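*Asks:*
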Ligand SMILES: Cc1ncc(COP(=O)(O)O)c(C=O)c1O
Ligand SMILES: Cc1ncc(COP(=O)(O)O)c(C=O)c1O
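Structural data, given as structure tokens:
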């Protein structure tokens with residue numbers, strides 16, 4: 161591909177960096193952002209890195225009315241020696257294009273997106289916190305910004321990348337969370353947008369989350385929208401169960417998001433010769449396994465939390481306490497291995513990590 | 161309620177009004193807009209009418225990422241004597257709050273919204289075209305504008321009303337349209353957001369619309385997401401069938417939008433003593449009625465199109481030509497009655513119309 165040059169305009173008033181001990185997920189943003197524009201007939205153009213600043217949109221911009229928007233989420237890690245690492249960023253760029261297709265939005269060249277992302281991170285590398293568990297959250301997103309109130313794909317879009325230094329996603333840390341199995345609300349259904357990373361999927365989940373919060377649960381576990389009996393995923397995590405020695409997770413079926421952490425975990429488990437299966441999982445099966453004492457572990461997986469052990473599942477009042485409410489050995493091993501690979505403390509047998517030294521490494 | 165004062169700042173450079181013969185739906189906007197802000201703890205405040213202008217948002221504004229947004233759509237009509245009419249605007253404001261509840265967004269007082277809307281229209285009344293079939297489309301909408309990348313209801317919102325002079329929604333005019341019954345994609349499912357007017361519902365429909373377009377169909381007819389056999393609605397219309405003398409339309413079930421045109425039509429039909437039923441309608445039943453020669457009329461209903469007769473339904477390759485591809489008598493009568501009531505040419509037996517003379521009438 162012909163890589164478009166990125167115009168760079170640096171800020172002349174750098175912000176104060178937040179206290180790395182007190183980072184709140186998604187609250188503070190770095191000094192710069194990447195922006196590119198799309199126009200029908202012209203394609204993506206005007207790739208630029210500019211000071212982080214508010215953007216201006218016509219009130220009739222399509223994104224406000226008909227929700228054409230796609231996003232991604234990944235992290236950059238910095239180790240003591242200054243090396244910056246990205247975890248499988250090319251997978252995010254690939255998934256971004258899958259989402260863009262589903263939303264009838266123009267694809268963004270994956271290599272160009274990676275180039276933009278690494279350039280921006282080079283500029284902002286001092287923003288990557290080094291404290292254990294912290295990282296720089298990367299949020300690429302595309303919005304339809306054409307001013308037109310018609311229900312049709314827009315002719316104009318904006319692609320942006322913003323960066324936010326983050327601590328742990330869950331306030332509870334790596335401690336197990338309590339999850340409510342959702343029986344009333346549905347996140348996504350076969351034929352819908354559940355497999356894409358688009359705003360509407362998250363808006364629709366807020367109501368269920370609100371109900372869960374009120375009952376003291378930190379997340380909901382979504383069931384399928386058709387039969388309301390098969391497990392799908394958690395708010396922003398895929399879900400895994402260890403049943404009688406085997407690790408199972410719902411198969412990719414069009415209505416759940418194909419997590420990159422999920423994919424990596426499946427690879428790791430197979431590498432470790434731990435039996436694993438991707439298949440349909442009914443809540444009845446989970447309950448039965450629990451009653452027989454075979455529900456050994458439950459954990460969520462995602463970029464934000466990496467691994468989030470589940471200590472309790474509440475299914476319509478039936479409470480399952482998993483592994484005495486403690487983090488299980490598989491969740492623990494996965495968490496340590498993944499975070500060690502991400503931080504460069506452990507070997508990277510699958511070539512997952514992209515290192516950014518002072519110059520671009522994998523990309524150059 | 162205590163009506164908050166509306167600060168008014170008029171523009172000093174009025175735009176040129178578009179040619180009323182060449183209006184394109186949702187392309188041009190008037191000189192002013194209404195804006196109000198919400199902050200947790202403070203509620204809705206700073207109600208104002210200001211020159212129509214781009215708005216400024218942080219790139220991390222929640223609406224871009226997690227899609228918390230709600231909108232409404234209604235029209236103002238102006239007759240030759242200068243009277244401005246709104247059609248059941250209080251119904252839109254009521255529905256807006258139903259949508260806001262579903263999306264975990266703060267309600268906007270219905271009377272205050274109506275007041276804002278009528279004030280804005282008073283100021284912009286010269287923008288309401290008078291040509292047959294034209295009107296001023298009114299788009300109230302609310303977006304989450306807090307800069308925070310957390311999947312949780314925002315603490316800050318903006319409510320806006322923008323206005324657009326419009327001609328007919330469908331380029332084909334009142335002529336029957338061709339509709340493709342959608343078998344692959346799903347718009348909404350029980351437990352989801354289908355009953356709310358929120359952006360994500362429309363984004364998810366674009367892909368199916370694209371496929372329909374390519375096959376020469378102007379709209380898709382959505383089926384239910386669970387069994388894929390019951391009729392739901394069309395892109396931005398509810399749907400009615402005349403089968404063997406009876407008018408039937410899908411019952412409100414949580415996954416379709418409760419149209420105000422739909423509601424009004426049901427009232428009119430009952431008033432005319434035409435048999436009508438709101439119930440579940442299977443595609444098999446439609447096909448059977450067609451084969452027996454009993455599928456007499458099909459039409460869509462919505463603010464944009466008012467009544468849109470359907471001349472052809474294609475269900476997986478099985479083509480049903482309805483009423484020889486011509487507008488049927490019930491659709492015709494409904495169209496004429498509704499548009500005449502809206503334009504003040506006919507009696508308004510249900511007190512649907514709100515007249516805005518030089519002063520506010522119903523509201524004052
Ligand atoms: C709905 C949903 N499921 C699963 C995931 C996990 O995906 P990943 O592992 O790529 O972060 C995410 C978060 O990114 C998500 O938003
Ligand atoms: C999905 C959907 N269904 C139905 C309708 C019809 O509703 P109304 O008659 O209130 O315009 C609309 C349009 O407003 C809509 O967007």
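Residue numbers (our numbering), protein chains in the order written: chain Y, 161 to 524; chain B, 161 to 524. Using N, Cα and C, we set each Cβ at its ideal position, and we do this for glycine too. All values reported here derive from a predicted model rather than from experimental measurement.
#1: Do the stretch 391-404 of chain Y and the stretch 334-345 of chain B touch if we need at least three Cβ pairs shorter than 8 Å?
#2: Tell me whether the stretch 367-387 of chain Y and the stretch 364-384 of chain B touch, counting them as touching only if at least three CB pairs, one residue from each stretch, are closer than 8 Å.
#3: Any beta-carbon of chain Y closer than 9 Å to the one on residue 416 (chain B)?
#4: Let me know if residue 384 (chain Y) comes out buried or exposed under the rule of 16 or more other beta-carbons within 10 Å of its beta-carbon.
#5: Is the Cβ of residue 267 (chain Y) closer than 9 Å to any Cβ of chain D?
#6: From the DSSP output, which residues share a beta bridge with residue 325 (chain B)?
#7: At what residues does the alpha helix (DSSP H) containing residue 541 (chain B) begin and finish?
#8: Quick check on residue 335 (chain Y): buried or exposed, where buried means 16 or more other Cβ atoms within 10 Å of its Cβ?
#9: Contact criterion: CB-CB distance below 9 Å. Does residue 377 (chain Y) meet it with respect to chain B?
#10: Taking the beta carbon of residue 524 (chain B) as the centre, do at least 16 other beta carbons fall within 10 Å, making it buried, or is it exposed?
#11: Any beta carbon from chain B within less than 9 Å of residue 388 (chain Y)'s own beta carbon?
#12: Looking only at C-alpha atoms, which of Y:284, Y:272, Y:260 sits nearest to residue 242 (chain Y)?
#13: Closer than 8 Å to a non-hydrogen atom of ligand 2 - does that hold for the CB of residue 397 (chain B)?
#14: Looking only at its chain, what residues have a beta carbon closer than 6 Å to the beta carbon of residue 113 (chain B), apart from the 5 residues adjacent to it on each side?
#15: Using only the heavy atoms of ligand 2, determine whether one of them is closer than 8 Å to the beta carbon of residue 262 (chain B).
#16: Just to confirm, does residue 240 (chain Y) get its C-beta within under 8 Å of one of the non-hydrogen atoms of ligand 1?
#17: Between B:210, B:203, B:250, which has its C-alpha nearest residue 420 (chain B)'s C-alpha?
#18: From the beta carbon of residue 278 (chain Y), is the nearest beta carbon of chain B less than 9 Å away?
#19: Please name the residue, chosen from B:297, B:311, B:229, B:224, that lies closest to residue 185 (chain B) on a Cα-to-Cα basis.
#20: For residue 173 (chain B), count neighbouring C-beta atoms within 10 Å of its own C-beta (all shown protein chains included) and say buried if the count is 16 or more, exposed if not.
#21: Whose C-alpha, out of B:320, B:351, B:446, is nearest the C-alpha of residue 381 (chain B)?
#22: With a threshold of 6 Å on Cβ separation, who are the neighbours of residue 469 (chain B) within its own chain once the five nearest residues in sequence on each side are excluded?
#23: Could you check if residue 231 (chain B) is buried or exposed, using at least 16 other CB atoms within 10 Å of its CB as the buried criterion?
#24: Tell me whether residue 393 (chain B) counts as near ligand 2, meaning its Cβ is closer than 8 Å to at least one heavy atom of that ligand.
#25: Mind pulling the chain Y residues with CB within less than 7 Å of residue 187 (chain B)?
#26: How long is the line joining the alpha carbons of residue 395 (chain Y) and residue 415 (chain Y), rounded to whole angstroms?
#27: Per the contact definition of three or more C-beta pairs closer than 8 Å, is the stretch 251-263 of chain Y in contact with the stretch 183-198 of chain Y?
#28: Tell me the rounded alpha-carbon separation between residue 481 (chain Y) and residue 392 (chain Y).
#29: For a test of your reading of the model: does the CB of residue 419 (chain Y) fall under 8 Å from any non-hydrogen atom of ligand 1? Yes or no.
#30: Using a cut-off of 7 Å between C-beta atoms, extract the partners of residue 364 (chain B) located in chain Y.
#31: So is residue 219 (chain Y) in contact with chain B if we call contact Cβ pairs under 9 Å?
#32: So does residue 461 (chain Y) have its beta carbon nearer than 8 Å to some heavy atom of ligand 1?
#33: Rounded to whole angstroms, what is the Cα-Cα separation between residue 504 (chain B) and residue 228 (chain Y)?
#34: Quick check on residue 343 (chain B): does DSSP put it in helix, strand or coil?
#35: Using a beta-carbon distance below 9 Å, is residue 225 (chain B) in contact with chain Y?
#36: Hey, would you say the C-beta of residue 361 (chain Y) is under 8 Å away from at least one heavy atom of ligand 1?
*Replies:* Reading it off the structure:
#1: Between the stretch 391-404 of chain Y and the stretch 334-345 of chain B, the count of C-beta pairs closer than 8 Å stays below three; the two stretches do not touch.
#2: no
#3: no
#4: buried
#5: The displayed structure is made up of protein chains Y and B, and chain D is not among them.
#6: Its beta-bridge partners are B:296.
#7: Missing from the structure shown is residue 541 (chain B); chain B here goes from 161 to 524 and no further.
#8: exposed
#9: It does not; no Cβ of chain B falls within 9 Å.
#10: Any reading at residue 524 (chain B) is ruled out, since the residue's pLDDT is 33, under 50, leaving its predicted position unreliable.
#11: yes
#12: The shortest CA-to-CA distance from residue 242 (chain Y) to any of Y:284, Y:272, Y:260 is the one to Y:284.
#13: Yes - ligand 2 has a heavy atom lying nearer than 8 Å to the Cβ of residue 397 (chain B).
#14: Outside the displayed span of chain B (161 to 524) sits residue 113 (chain B), for which this structure offers no information.
#15: no
#16: no
#17: The shortest Cα separation from residue 420 (chain B) among B:210, B:203, B:250 belongs to B:250.
#18: no
#19: B:297
#20: Classification for residue 173 (chain B): exposed.
#21: B:446
#22: Setting aside the 5 residues that flank it on each side, residue 469 (chain B) is surrounded in the same chain by 336, 459, 487, 491, each with a C-beta closer than 6 Å to its C-beta; the list follows chain order.
#23: By the 10 Å Cβ count, residue 231 (chain B) comes out buried.
#24: yes
#25: 308
#26: Going from the Cα of residue 395 (chain Y) to the Cα of residue 415 (chain Y) covers about 13 Å.
#27: no
#28: 20 Å
#29: yes
#30: 352, 353, 360
#31: yes
#32: yes
#33: Rounded to whole angstroms, residue 504 (chain B) and residue 228 (chain Y) show a C-alpha spacing of 38 Å.
#34: coil
#35: yes
#36: yes
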